[in-house]
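Under my numbering, the final residue of the sequence shown carries the number 137; numbering is consecutive throughout. Input: a single structure, listed below in structure tokens.
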Amino acid sequence: MAKIEKFEDIQVWGKARELNKKIYYITKDHSFSKDYSLRDQIRRSSISIMANIAEGFGRRSRKEFANFLNMAHGSAAEVQCHLYAALDQNYINQKSFNELYAKVEEVSKMIKGFMNYLKTP
Numbered sequence: 017m018a019k020i021e022k023f024e025d026i027q028v029w030g031k032a033r034e035l036n037k038k039i040y041y042i043t044k045d046h047s048f049s050k051d052y053s054l055r056d057q058i059r060r061s062s063i064s065i066m067a068n069i070a071e072g073f074g075r076r077s078r079k080e081f082a083n084f085l086n087m088a089h090g091s092a093a094e095v096q097c098h099l100y101a102a103l104d105q106n107y108i109n110q111k112s113f114n115e116l117y118a119k120v121e122e123v124s125k126m127i128k129g130f131m132n133y134l135k136t137p
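Given below as structure tokens:
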């Protein structure tokens with residue numbers, strides 16, 4: 017594994033950033049943008065994924081980093097939940113739902129893998 021010197025070097029942070037861009041893009045759609053509550057909540061939970069990864073890295077402790085990764089993992093589940101609400105309200109179609117859900121799942125699995133890595137001595 018390459019040495020990580022800044023949070024931008026963390027592969028899963030980059031994937032979370034890509035996901036966040038996609039979330040912002042879909043929530044700009046006319047119908048989605050009118051549901052201020054859901055729009056803001058899915059954006060906040062998406063941002064929370066990448067922010068918790070960055071903040072955990074900044075703590076400089078494996079234990080604290082793992083804790084922040086756990087919070088990022090929870091935020092990923094929150095994004096998935098909000099995607100269901102968006103689908104149910106017809107703000108996104110099934111294809112968009114499947115693509116976004118898969119992206120979140122990929123980020124989630126990467127976070128879990130990183131957490132496991134940090135637990136090794």
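Just so it is clear, CB atoms sit at the ideal spot from N, CA and C, and this is done for glycine as well. Model, not experiment: these values are computed from the prediction.
Return the chain-ordered list of same chain residues with a C-beta closer than 8 Å to the C-beta of Arg75, the five sequence neighbours on each side being excluded. Stepping through the sequence shown from its first residue, residue 75 is reached at position 59. Within the same chain, Arg75 has close Cβ partners Phe81 and Phe84.
Open item on the list: Which residue marks the beginning of the alpha helix (DSSP H) containing Arg75, and which one marks its end?
Closed with: Taking the sequence shown and counting its residues from 1, one reaches residue 75 at position 59. For Arg75, there is no enclosing alpha helix (DSSP H), since its DSSP letter is neither H nor E.
Using the C-alpha atoms, what's the distance from Ile39 back to Glu24? Within the sequence shown, residue 24 is the residue found at index 8, counting from 1. Within the sequence shown, residue 39 is the residue found at index 23, counting from 1. Cα to Cα, the separation comes out at about 20 Å.
What does the alpha-carbon distance come out to for the pair Tyr100 and Lys79? Within the sequence shown, residue 100 is the residue found at index 84, counting from 1. Within the sequence shown, residue 79 is the residue found at index 63, counting from 1. Rounded to whole angstroms, the gap between the alpha carbons of Tyr100 and Lys79 is 33 Å.
**Q.** Residues near Val28 in its chain [Cβ-Cβ closer than 7 Å; skip 5 each side]
**A.** Mapped onto the sequence shown, residue 28 falls at position 12. A distance below 7 Å between beta-carbons, with the five flanking residues on each side excluded, links Val28 to the following residues of its chain, in chain order: Ile69, Val123, Met126, Ile127 and Phe130.
Are there 16 or more other CB atoms within 10 angstroms of the CB of Asn36, so buried, or fewer, so exposed? Reading the sequence shown from its first residue, position 20 is the one you call residue 36. Classification for Asn36: buried.
message: Does Thr136 come out as helix, strand or coil in the three-state DSSP assignment?
response: Walking along the sequence shown from the start, residue 136 turns up at place 120. DSSP places Thr136 in coil when its eight states are reduced to three.
* Residue range of the unbroken alpha helix (DSSP H) whose run includes Gln105 -> Taking the sequence shown and counting its residues from 1, the one referred to as residue 105 is at position 89. Gln105: not part of any alpha helix (DSSP H); DSSP gives it neither H nor E.
- Can you tell me which of Ile65, Asn86, Phe48 and Lys19 puts its alpha carbon nearest to the alpha carbon of Asn132? Along the sequence shown, one-based indexing puts residue 132 at 116. Considering only alpha carbons, the answer is Asn86.
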